[in-house]
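**Q** Line by line, the protein sequences give chains A and B. Every number in my numbering is 2 more than the matching position in the first sequence, counting from 1. Every number in my numbering is 2 more than the matching position in the second sequence, counting from 1. Let me give you the structure first, and then I'll get to my questions.
There are 2 protein chains.
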Amino acid sequence: VVPVPTTLAPPAPIINKSFEERAKLATNPMASKLFNLMSTKKTNLAVAADLTDKQQLLDLAESIGSEICVLKTHVDIIDNYDEEFIKSLKSIAIKHNFLIFEDRKFADIGNTVKYQFENGVYKISKWADMVTVHGVAGSSIIDGFKSGLKENGSGLLLLAQMSSKGSMCVGDYTTQIIEMANNNKEEVMGLICQERLPSMTDALVLMTPGVQFNSTGDAMGQQYNTPEYIIKEKNTDVIIVGRGIYQNNDPKSVANKYRTAAWETYKSKF
Amino acid sequence: VVPVPTTLAPPAPIINKSFEERAKLATNPMASKLFNLMSTKKTNLAVAADLTDKQQLLDLAESIGSEICVLKTHVDIIDNYDEEFIKSLKSIAIKHNFLIFEDRKFADIGNTVKYQFENGVYKISKWADMVTVHGVAGSSIIDGFKSGLKENGSGLLLLAQMSSKGSMCVGDYTTQIIEMANNNKEEVMGLICQERLPSMTDALVLMTPGVQFNSTGDAMGQQYNTPEYIIKEKNTDVIIVGRGIYQNNDPKSVANKYRTAAWETYKSKF
């Protein structure tokens, strides 16, 4: 018997759905909330506030709050962190209608990340709307978050790809992370990635760091792309801009430029 | 021309060198210090002190200090953490002659881990003798530690393998991490792994978590092996025991049992 030659199906054409439509497809409550927030506030800009002084961080949040959908923090680099800081940040977030993303990059076994998420000085589960998780320990890491996520209806962002040079989040690793996201739809709200891949569903928010108008990298392996390139060519949802905004003398005005570039590019896809 | 058949060289026989000899081969100062400490104190037991109360942790350290070479902490799970805690822990470490291993599992880009290591509430670079690092972001992560490591002559432990179910630190990933260690000899003191592989040099300390006398796992994917199996069959250097000791009613006495099992197995290899 001569086997019938198999023909590979052509890749499905990318048909973009609006954030509003995707809010209804989301399976994690925070993903739905973020899609709706982006849609009504008309911004898909996230800012990485990598500052070591709490007052500087609060000032930045107050200044750019009107421009952003998400503020990304590393609370563990703030020298003068205290509980008042979280209260102040929360009230700025409510006032300007943005979500708080603690970029913790949890990467331990389930039993440990449970304590790291819920306990300690930071008690991240009590205030973060979303946190990043490396899948490197295996999918059982997600079990460590289940109780903590319920406290706030928050969501996990899995690291499918990274912006740094020589990142090992590539190829099969990336494929397995996407599978992990698809297998944990209630807990996982989205992916940190550099491009949309066919296996990434419309239920997930795709967020991309390493974005700047004018820069090619830093001295420690960071690499940059422009907002237009990421949203149009790489077809992800949210740009994360750090040094391009917080190191600028006029963060509000430059944030507005990033916001406009990212939002207009998003709208141009329809 | 008929090609000459190539024959694969047989794997090199494993010839173990003593910790004393390896102290001289180590290229990172903390690796050398740890090899010497194990050799003179006659213990290759590390204890993972995963407790959320600082006084309980200090009591455990005081109680088992005489039995161990290393105390492994997660400072970010301690609810009542303060600077006094670090001072007390340091003085217990000096009294009982053990090293402090903060198991932070750094996993961000170089620019961020620099701040996470040196800044924030914990200022880990000021007191930790060693810290864990995931290579997932690429080898440029190591650049982020260079200034901080010099403060104390401390060392990095790269995660080459993990003890949790479905871990993605396997195969090529593991190979690349070992390469990363071999390419950064001054900064990297050792590997967290489940077995000695031929490419792991004698300059590196090999530490293995997931060790218990009697247990097969937990509800969140952790898997266990016995001390004898790890030190003899898997041929690593240091066992890391957590719940098997700190959840025991008599931690000092059970720590002594783990210490004896691990040390006698080590000695039996010569």
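Here a beta-carbon is modelled for each residue, glycine too, at the ideal position from N, C-alpha and C. Fair warning: this is a prediction, and the values are worked out from it, not measured in the lab.
Helix, strand or coil for lysine 92(B) per DSSP?
**A** Three-state DSSP puts lysine 92(B) in a helix.
**Q** Rounding to the nearest angstrom, what Cα-Cα distance links isoleucine 96(B) and alanine 33(B) in this structure?
**A** Taking the straight line joining both Cα atoms gives about 17 Å.
**Q** Using a C-beta cutoff of 8 Å, does serine 141(A) count as contacting chain B?
**A** True, the Cβ-Cβ gap to chain B drops below 8 Å.
**Q** State yes or no: is the C-beta of glutamine 163(B) within less than 8 Å of the C-beta of threonine 177(B)?
**A** Against a cut-off of 8 Å, the Cβ pair of threonine 177(B) and glutamine 163(B) comes out as no contact.
**Q** Can you check whether the C-beta of lysine 107(A) is within less than 8 Å of a C-beta belonging to chain B?
**A** So, interface residue.
**Q** With distances taken between CB atoms, is the gap from methionine 209(A) to isoleucine 242(A) smaller than 8 Å?
**A** Against a cut-off of 8 Å, the Cβ pair of isoleucine 242(A) and methionine 209(A) comes out as a contact.
**Q** With a Cβ-Cβ cutoff of 8 Å, do aspartate 204(B) and asparagine 46(B) count as a contact?
**A** No. Outside cutoff.
**Q** What are the residues that DSSP puts in a beta bridge with serine 2(A)?
**A** As displayed, chain A neither begins before 3 nor continues past 272, which places residue 2(A) out of reach and without an answer.
**Q** For isoleucine 100(A), name the three-state secondary structure that DSSP assigns.
**A** The question names isoleucine, but residue 100(A) in the sequence shown is phenylalanine. Of the three classes helix, strand and coil, the one that applies to phenylalanine 100(A) here is coil, per DSSP.
**Q** Helix, strand or coil for arginine 261(A)? Go by DSSP, reduced to three states.
**A** Arginine 261(A): helix per DSSP, three-state reduction.
**Q** Please look up how many angstroms separate the CB atoms of valine 133(B) and isoleucine 126(B), rounded, as I've assumed it's under 8 Å.
**A** With a Cβ gap of about 6 Å, valine 133(B) and isoleucine 126(B) count as contacting.
**Q** What is the DSSP secondary structure of glycine 192(B), reduced to helix, strand or coil?
**A** Note: glycine 192(B) maps to strand in three-state DSSP.
**Q** Would you say leucine 161(A) and isoleucine 180(A) are within 8 Å of each other, going by their C-beta atoms?
**A** It is not a contact, given that the beta carbons lie outside the stated cut-off.
**Q** Using a Cβ-Cβ cut-off of less than 7 Å, list which residues of the stretch 181-203 of chain B approach chain C; keep chain order.
**A** Considering every chain present, this structure includes no chain C. Its protein chains are A and B.
**Q** Go to valine 115(A), then tell me how far its alpha helix (DSSP H) extends in each direction, as first and last residue.
**A** Element bounds for valine 115(A): 112-120.
**Q** Can you find a CB in chain A that lies within less than 8 Å of the CB of threonine 177(B)?
**A** Taking Cβ atoms only, chain A never reaches closer than 8 Å to threonine 177(B), which makes this a no.
**Q** For isoleucine 88(B) and glycine 67(B), which I take to be in contact (beta-carbon distance under 8 Å), what is that distance rounded to the nearest angstrom?
**A** No, isoleucine 88(B) and glycine 67(B) are not in contact; Cβ-Cβ is about 16 Å, not under 8 Å.
**Q** With H, G and I counted as helix, E and B as strand and the rest as coil, what does DSSP make of valine 138(A)?
**A** Helix, per DSSP.
**Q** Could you tell me the boundaries of the beta strand (DSSP E) in which glycine 157(B) lies?
**A** 157-161 is the extent of the beta strand (DSSP E) around glycine 157(B).
**Q** Using a Cβ cut-off of 9 Å, pull out every chain A residue sitting near cysteine 71(B), in sequence order please.
**A** None at all; the shortest Cβ gap to chain A is about 21 Å.
**Q** On a CA-only basis, which of Ser217(B), Leu159(B), Val123(B) and Val172(B) is nearest asparagine 184(B)? Give me that one, please.
**A** For the residues Ser217(B), Leu159(B), Val123(B) and Val172(B), the minimum Cα distance to asparagine 184(B) belongs to Leu159(B).
**Q** Out of Pro229(B), Lys152(B) and Asp81(B), point me to the one whose CA is closest to lysine 259(B)'s CA.
**A** Answer by Cα proximity: Pro229(B).
**Q** Have a look at the DSSP bridge pairing and note the partners of valine 123(B).
**A** Valine 123(B) pairs with nothing; no bridge assigned.
**Q** Examine chain A for any beta-carbon lying closer than 8 Å to the beta-carbon of isoleucine 247(B), and answer yes or no.
**A** Chain A contact via Cβ: absent.
**Q** Could you say which of Glu104(A), Ile111(A), Ile80(A) and Leu101(A) lies nearest to methionine 124(B) if we only look at CA atoms?
**A** The sequence shown places tyrosine at residue 124(B), not methionine. Of Glu104(A), Ile111(A), Ile80(A) and Leu101(A), the residue nearest in Cα terms is Ile80(A).
**Q** If you reduce the DSSP assignment to three classes, tell me which class valine 172(B) lands in.
**A** If DSSP states are grouped into helix, strand and coil, valine 172(B) belongs with coil.
**Q** Anything in the stretch 128-155 of chain B with a Cβ closer than 8 Å to a Cβ of chain A? List those residues in chain order, please.
**A** Listed in sequence order: His136, Gly137, Val138, Ala139, Gly140, Ser141, Ser142, Ile143, Asp145 and Gly146.
**Q** Given a cut-off of 8 Å, decide if isoleucine 111(A) and glycine 170(B) are closer than it, judged by their beta-carbon atoms.
**A** The question names glycine, but residue 170(B) is methionine in the sequence shown. No, they are not a contact pair.
**Q** Please confirm if isoleucine 88(A) has its CB atom under 8 Å from at least one CB of chain B.
**A** Chain B contact via Cβ: absent.
**Q** From what residue to what residue does the alpha helix (DSSP H) around alanine 63(A) run?
**A** 56-66 is the span of the alpha helix (DSSP H), which, as asked, contains alanine 63(A).
**Q** On a Cα-Cα basis, can you pick out the residue from Glu266(B), Ile247(B) and Val135(B) that is closest to glycine 146(B)?
**A** Comparing Cα positions, the closest option is Val135(B).
**Q** So what does DSSP say about isoleucine 242(B), is it helix, strand or coil?
**A** DSSP places isoleucine 242(B) in strand when its eight states are reduced to three.
**Q** Output, in chain order, the set of chain A residues within a Cβ distance shorter than 8 Å of isoleucine 111(B).
**A** Within 8 Å Cβ-Cβ: Met164, Ser165, Ser166, Met222, Gly223 and Gln224.
**Q** Could you tell me whether the Cβ of asparagine 121(A) comes closer than 8 Å to any Cβ of chain B?
**A** It does; some Cβ of chain B falls within 8 Å.
**Q** Since leucine 101(B) and leucine 27(B) should fall inside the 8 Å C-beta cutoff, what is the C-beta to C-beta distance between them, to a whole number of angstroms?
**A** Not quite, the Cβ-Cβ distance comes to about 19 Å (not below 8 Å), so this is no contact.
**Q** Can the beta-carbon of valine 77(B) be found less than 8 Å from the beta-carbon of alanine 48(B)?
**A** Not closer than 8 Å, so no.
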